[in-house]
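Taking it in order: structure first as structure tokens, then the write-up.
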Amino acid sequence: MDFINQHIQEIYFVIFCVFIGIEVISNVPAILHTPLMSGANAISGVILVGAIIVMLRVPEDDYLNLTLGGIAVFLGTLNISGGFFVTGRMLKMFSPKK
8 MDFINQHIQE
18 IYFVIFCVFI
28 GIEVISNVPA
38 ILHTPLMSGA
48 NAISGVILVG
58 AIIVMLRVPE
68 DDYLNLTLGG
78 IAVFLGTLNI
88 SGGFFVTGRM
98 LKMFSPKK
């Protein structure tokens, strides 16, 4: 409970961002989804590089943080590759038929 009391502003900020994100994404037209997805993938790539740099600074004997960081990097990589796969499939829908 002490952690929550010390970080209450950050918790409110995250909750606020979730509601703003839901509102923004729900109002995006379908035609803009593909460019928005490509931009989100690029941002995820930058975040993934930052996560790898942070993991390099974790002490070698801190197994918990290394495991959590490794899982985060793995899931981030899946997110990026899946996003690019979906974006590629969506762009194929707009290409002219052969």
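Read in order, the letters of the sequence shown are residues 8 to 105 in the working numbering. All residues carry an ideal CB built from backbone N, CA and C; glycine is no exception.
Check                                                                  : Outcome
Start-to-end residues for the alpha helix (DSSP H) that takes in Leu71 : 70 to 101
Element boundaries [alpha helix (DSSP H), containing Val31]            : 15 to 33
DSSP three-state assignment for Val65, whether helix, strand or coil   : coil
Cα-Cα separation, Cys5 to Glu30                                        : With the chain covering only 8 through 105, there is no way to say anything about residue 5.
Separation of Gly95 from Leu55, as counted between CA atoms            : 21 Å
Distance, Phe91 Cα to Leu85 Cα                                         : 10 Å
Phe44 versus Ile32: straight-line alpha-carbon distance, rounded       : Sequence check: residue 44 is Met here, not Phe. Met44 and Ile32: Cα-Cα distance of roughly 11 Å.
Ile15 versus Val21: straight-line alpha-carbon distance, rounded       : 10 Å
C-alpha distance - Pro36 paired with Asp68, whole-angstrom precision   : 48 Å
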